[in-house]
Every structure is written in structure tokens, then in C-alpha cells.
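With the first letter of the sequence shown counted as 1, position 50 gets the number 50 in full-length UniProt numbering; the numbers rise by one all the way through. Note that CB positions come from ideal geometry on N, CA and C, so glycine has one too. Given the structure is predicted, the values throughout are model-derived calculations rather than measurements. Okay, structure first, notes after.
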Amino acid sequence: MSSDWRERASQRVDDILGAISEIEGFIADLGEQAFLGDRMRVLAVTHLIMIIGEAAKHLAPGIEERYPEIPWRDVRSMRDRIAHEYGTINPRLVWRIACNDLAPLRLAMVQERDFLTSC
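As C-alpha cells, then:
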């Protein structure tokens, strides 16, 4: 893996980790109903999920094999759904993603950062 590719992949890992941290900040101490009732938070978290999906499209080759527990196709396709079918995005789905799907992705990205550093 070239150093340029490694740098770009590392930046995308950092983008994902940063977006996850921001999402965690937006939903901290909120219940589902409070989140759903706060349109700005819903839109912010939706946008950050889109950033995660876009960044996931540019990770290092072999990512799916290194972290098969992550539904990569779903992560990437959610970006497309948000960008192109924004009127159909269910805020409850955004809440579920924010609450249930980010911890495993965070762990995978921390491990990927270590992997990229060791290459």
C-alpha cells in the first residue's frame, strides 16, 4: 500500500471516528422521543451518518475482510439513500443507527487506524 493511499485511508478513518464522536455528543442524555422531537439534531445526525457512508467508500482495500462484522454495504448505501432519497429517511432509523450501530464501527476504525499505522 502506497504512503499516499495510506494517508487518504487514514484521513477517512479519522473522518468516521470524528463523525461518530459528534453523533455521540448530539444524542448524549437524550431519549428517543426527545431526539425525534428535535429536528436540528435529527438533521445533524443524519448528515453525520452520510459522512460516515461517504468516508467508508474510500477506506483501504480489504476492509470488508478485516472487519466482516460490519455491514459495509449498508453503511455505504445509507449515504446514498440520505443524499438521493432524503425525503424517505425515517428519523427512527437514524436513532437506531446512532444508538446501535456505531460502537462496533468505532472499534473497527480504531483497529483499522492501528493497521494502517503498522503497514
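What first and last residue would you give for the alpha helix (DSSP H) that runs through GLY88?
-> Reading off the sequence, residue 88 comes out as Thr, not Gly. Element bounds for THR88: n/a, residue is neither H nor E.
So residue 125 packs on ALA98, CB below 8 Å; how close in whole Å?
-> A question about residue 125 goes unanswered here, because the residues of the chain that appear run from 1 up to 119.
If you compare alpha carbons, which of ALA44, GLY87, VAL75 is closest to PRO104?
-> VAL75
Could you give the DSSP three-state label for ILE20: helix, strand or coil?
-> helix
What residue ranges within the segment 15–59 form continuous beta strand (DSSP E) runs of no fewer than 3 residues, ordered along the chain?
-> none
Taking DSSP as the reference, what is the three-state secondary structure of CYS99?
-> helix
Assign GLU69 to one of three DSSP states: helix, strand, or coil.
-> coil
When you compare only the Cα positions, how much space is there between MET78 and SER118?
-> 30 Å
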